[in-house]
Amino acid sequence: MICNEKMYALGAKRSVIRELFEYGKQRKAAVGEENVFDFSLGNPSVPPPKEVKEALLRLLDGENETALHGYTSAQGDKGVRETIAKNYEKAFGFAFDPDLMYMTCGAAASLTITLNAIVSSEKDEIVTFAPFFPEYRVFTEKAGAKLVAVPPAEGLDVNEEAFRLSLTENTRAVIINSPNNPSGVVYKEEKIRKVAEILKETSEKFGRPIYLISDEPYRALVFEGKPLCLPSFYRDTIVCYSYSKALSLPGERIGYIAVSPLAFEAKDLYLAICGAGRALGYVCAPSLFQYLVRECDTMTSDIEIYRANRDKLFGRLTEMGFSCAYPSGAFYLFMKAPSGDANEFSEEAKKFDILVVPSDSFGCEGYVRIAYCVSPDMIERSMPAFEKLAEKYFGKRK
Ligand code: PLP
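Written out as structure tokens, the structure reads:
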């Protein structure tokens, strides 16, 4: 083969999620859209706030069309970064420096840029907490490092002891994602404090900082309590944010990286981020959407719809006998496969036209992910199918 074999393998092998989604399309054509219960994709089902459309129209109606569609600075428009930093400070009381922020094409770009900026040797290790977003492995390996997964504690929480043991002198960064995809779990403040403590101790022990990469596409989707400001817990934090879920704009590819001004060698790290952005071709994030987020940064799509979906699904599925960790955020439920075999359970669910993603690619065996960013109506219609599935495993309910 003349091309890059690793890239070929990535391109040729569709992700399990995409496979299921394609299968769903075929089933819908065969048995009718309303009879397939597709919980495979994390595509927001709630429209963007109405202010998004209003702001877009205002921007498009503005005077300087060439500037609107033109290149911004490589790291993003300064005014946009200043506004985001100001809003963050108002919300969390923590001041980012706009000169340490980089506008990107969503969280995927934020992560891959950050990892490429940090990794410098093939011995480098990036630690993350299972279950995790499968692309962490792809991004980490492409950056030239090894991904190390920490198995979860009860309730899919952070396992402190396993975390401590996973850190070595080769650990360069830890990726944390709360609210979590695929579990919907939101790590509690005490846990984040503990993670920070362990990182601080280990960084001191090895005499070099371990960066904390906080992947936050679901920060605005917290149903109980408030989202946390990770840089206020741990100095060496880099926030990777995205508007894909918060404003229901996944197709527009907009987000940012914010290096904490308190981080070790923050300016050098930021320059490495600018370099990685340049090397990867991620410069000048889409300008129309940079200006849009300047206007709409503080808004969120109507998360009450997700909350109602969560309440209904979690309530009914646990009543039927299934078990899931309590999902306080995002729009996912991570349900235990009653047989312990995720693939078998996902295949069994398919027989009732329920499409749920087996958990192996999330680094955690024996679960399926249910993405409940779907219409409330579909959830209601799926209930008899879930009842039949439950009957298979737990028998008929009295
Ligand atoms: N990180 C997590 C945990 C995600 O779930 C996703 C997308 O689903 C991403 C990153 C990538 O987000 P984006 O669409 O903003 O690139």
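Quick note on numbering: the sequence shown equals residues 1406 to 1803 in my numbering. From the three backbone atoms N, C-alpha and C, an ideal C-beta is built for every residue, glycine too.
(1) Should residue 1582 be counted as a contact of ligand 1 given a C-beta to heavy atom distance under 7 Å?
(2) Three-state secondary structure (DSSP) at residue 1442?
(3) For the alpha helix (DSSP H) holding residue 1471, just list the boundary residues, first then last.
(4) Using DSSP's beta-bridge definition, name the partner residues of residue 1509.
(5) Since I believe residue 1628 is in contact with residue 1734 (beta carbons under 8 Å), could you give me their beta-carbon distance rounded to a whole number of angstroms?
(6) Go ahead and pull the three-state DSSP assignment for residue 1530.
(7) Going by alpha carbons, who is nearest to residue 1637 out of 1647, 1664, 1703, 1655?
(8) Measuring CA to CA, which of 1693, 1791, 1703, 1695 is closest to residue 1719?
(9) May I have all residues whose beta carbon comes closer than 6 Å to any heavy atom of ligand 1, sorted in chain order?
(10) For residue 1631, name the three-state secondary structure that DSSP assigns.
(11) Thinking C-alpha only, which one of 1633, 1485, 1560 is nearest residue 1740?
(12) How about residue 1681 and residue 1518: are their beta carbons less than 8 Å apart?
(13) Thinking just about the alpha-carbon of each residue, which of 1511, 1520, 1596, 1802 is nearest to the one in residue 1547?
(14) Are the C-beta of residue 1426 and some C-beta of chain B separated by less than 8 Å?
(15) Between the beta-carbon of residue 1592 and the beta-carbon of residue 1563, is there less than 8 Å?
(16) Alpha carbon to alpha carbon, how far is residue 1670 from residue 1410?
(17) Measuring only the C-alpha atoms, how far is residue 1615 from residue 1492?
(18) In terms of alpha-carbon separation, which member of 1764, 1704, 1499 lies closest to residue 1459?
(19) Provide the residue(s) that pair with residue 1729 in DSSP beta bridges, ordered along the chain.
(20) Buried or exposed: which applies to residue 1799, given that a residue is buried once 16 or more other Cβ atoms fall within 10 Å of its Cβ?
(21) Would you mind sorting residue 1408 into buried or exposed? The rule is 16 or more other CB atoms within 10 Å of its CB.
(22) Would you kindly check if the distance between the Cβ of residue 1579 and the Cβ of residue 1509 is under 8 Å?
(23) When the distance is taken between beta carbons, is residue 1603 closer than 8 Å to residue 1568?
(24) Can you check which of these residues, 1558, 1566, 1524, 1565, is closest to residue 1552 by C-alpha distance?
(25) Could you check the C-alpha separation between residue 1445 and residue 1422 for me, to the nearest Å?
(26) Measuring straight from C-alpha to C-alpha, what distance separates residue 1645 and residue 1452?
(27) Identify the residues that DSSP records as bridge partners of residue 1647: which are they?
(28) Could you spell out the range, first to last residue, of the alpha helix (DSSP H) harbouring residue 1414?
(29) Throw me the rounded Cβ distance for the residue 1496 and residue 1506 pair, which I believe falls under 8 Å.
(30) Which partner residues does residue 1576 have in the DSSP bridge list?
(31) Give the range of the alpha helix (DSSP H) segment to which residue 1551 is assigned.
(32) How would you write the range of the alpha helix (DSSP H) that residue 1608 sits in, first residue to last?
(33) Just to confirm, is the Cβ distance from residue 1574 to residue 1611 under 8 Å?
In short:
(1) As a first step, residue 1582 must be located in the sequence shown, where it is residue number 177. Checking the Cβ of residue 1582 against ligand 1 gives yes.
(2) Taking the first residue of the sequence shown as 1, we reach residue 1442 at position 37. Strand, per DSSP.
(3) Position 66 of the sequence shown holds residue 1471. In the DSSP assignment, residue 1471 falls within the alpha helix (DSSP H) that extends over 1470-1474.
(4) Locating residue 1509 in the sequence shown gives position 104, counting from the first residue. Residue 1509 pairs with 1660.
(5) Numbered from its first residue, the sequence shown carries residue 1734 at position 329. Numbered from its first residue, the sequence shown carries residue 1628 at position 223. With a Cβ gap of about 6 Å, residue 1734 and residue 1628 count as contacting.
(6) Residue mapping note: residue 1530 aligns to position 125 of the sequence shown, counting from 1. Looking at residue 1530 - three-state DSSP - the assignment turns out to be strand.
(7) Stepping through the sequence shown from its first residue, residue 1637 is reached at position 232. It is 1664 whose Cα lies nearest to the Cα of residue 1637.
(8) Looking up residue 1719 in the sequence shown gives position 314. Restricting attention to 1693, 1791, 1703, 1695, the CA atom closest to the CA of residue 1719 is found in 1791.
(9) Proximity to ligand 1 was defined by a C-beta distance below 6 Å to any of its heavy atoms, and the residues meeting it, in sequence along the chain, are 1447, 1511, 1512, 1513, 1538, 1582, 1586, 1620, 1622, 1647, 1649, 1655, 1660.
(10) Within the sequence shown, numbered from 1, the residue matching residue 1631 stands at position 226. DSSP places residue 1631 in coil when its eight states are reduced to three.
(11) Here residue 1740 refers to the residue found at position 335 of the sequence shown. Comparing alpha carbon positions, the residue from 1633, 1485, 1560 closest to residue 1740 is 1560.
(12) Along the sequence shown, one-based indexing puts residue 1681 at 276. Along the sequence shown, one-based indexing puts residue 1518 at 113. Yes, the pair counts as a contact, with Cβ atoms nearer than the cut-off.
(13) Taking the first residue of the sequence shown as 1, we reach residue 1547 at position 142. The shortest C-alpha separation from residue 1547 is found at 1520.
(14) You won't find chain B in this structure, because it holds only one protein chain.
(15) Working through the sequence shown from its first residue, we reach residue 1592 at position 187. Working through the sequence shown from its first residue, we reach residue 1563 at position 158. Yes, these two residues count as a Cβ contact at 8 Å.
(16) Taking the sequence shown and counting its residues from 1, the one referred to as residue 1670 is at position 265. Taking the sequence shown and counting its residues from 1, the one referred to as residue 1410 is at position 5. If you take the alpha carbons of residue 1670 and residue 1410, they lie about 36 Å apart.
(17) Residue mapping note: residue 1615 aligns to position 210 of the sequence shown, counting from 1. Residue mapping note: residue 1492 aligns to position 87 of the sequence shown, counting from 1. C-alpha separation (whole angstroms): 27 Å.
(18) As a position in the sequence shown, residue 1459 is number 54, starting the count at 1. Checking every option, the nearest Cα to that of residue 1459 belongs to 1704.
(19) Counted from its first residue, the sequence shown places residue 1729 at position 324. For residue 1729, DSSP records a beta bridge to 1740.
(20) For this step, residue 1799 is matched to residue 394 along the sequence shown. Residue 1799 comes out exposed.
(21) By one-based count along the sequence shown, residue 1408 stands at place 3. Exposed, since its Cβ has fewer than 16 Cβ neighbours within 10 Å.
(22) Along the sequence shown, one-based indexing puts residue 1509 at 104. Along the sequence shown, one-based indexing puts residue 1579 at 174. Inclusion of residue 1509 and residue 1579 in the CB contact set at 8 Å is not warranted, their separation being larger than that value.
(23) Taking the first residue of the sequence shown as position 1, residue 1568 is located at position 163. Taking the first residue of the sequence shown as position 1, residue 1603 is located at position 198. Yes, the Cβ-Cβ distance between residue 1568 and residue 1603 is below 8 Å.
(24) What you label residue 1552 is simply residue 147 of the sequence shown in a count that begins at 1. Measuring from the Cα of residue 1552, the nearest candidate turns out to be 1524.
(25) Position 40 of the sequence shown, counting from 1, holds the residue named residue 1445. Position 17 of the sequence shown, counting from 1, holds the residue named residue 1422. Looking at the two C-alpha atoms, the distance is approximately 6 Å.
(26) The residue you call residue 1645 lines up with position 240 of the sequence shown. The residue you call residue 1452 lines up with position 47 of the sequence shown. The C-alpha of residue 1452 is placed about 23 Å away from the C-alpha of residue 1645.
(27) Counting from one through the sequence shown, the residue named residue 1647 turns up at place 242. Paired residues: 1660.
(28) What you label residue 1414 is simply residue 9 of the sequence shown in a count that begins at 1. Here the alpha helix (DSSP H) through residue 1414 covers 1410-1417.
(29) As a working note, residue 1496 is residue 91 in the sequence shown. As a working note, residue 1506 is residue 101 in the sequence shown. Contact between residue 1496 and residue 1506 is absent: CB atoms are separated by about 15 Å, not below the 8 Å threshold.
(30) As a first step, residue 1576 must be located in the sequence shown, where it is residue number 171. By DSSP's assignment, residue 1576 forms a beta bridge with 1530.
(31) For the purposes of this step, residue 1551 is identified with residue 146 of the sequence shown, where counting begins at 1. In the DSSP assignment, residue 1551 falls outside any alpha helix (DSSP H) and within the unbroken beta strand (DSSP E) covering 1551-1555.
(32) For this step, residue 1608 is matched to residue 203 along the sequence shown. Residue 1608 -> alpha helix (DSSP H) spans 1594-1611.
(33) Mapped onto the sequence shown, residue 1574 falls at position 169. Mapped onto the sequence shown, residue 1611 falls at position 206. In contact: residue 1574 and residue 1611 (Cβ atoms closer than 8 Å).
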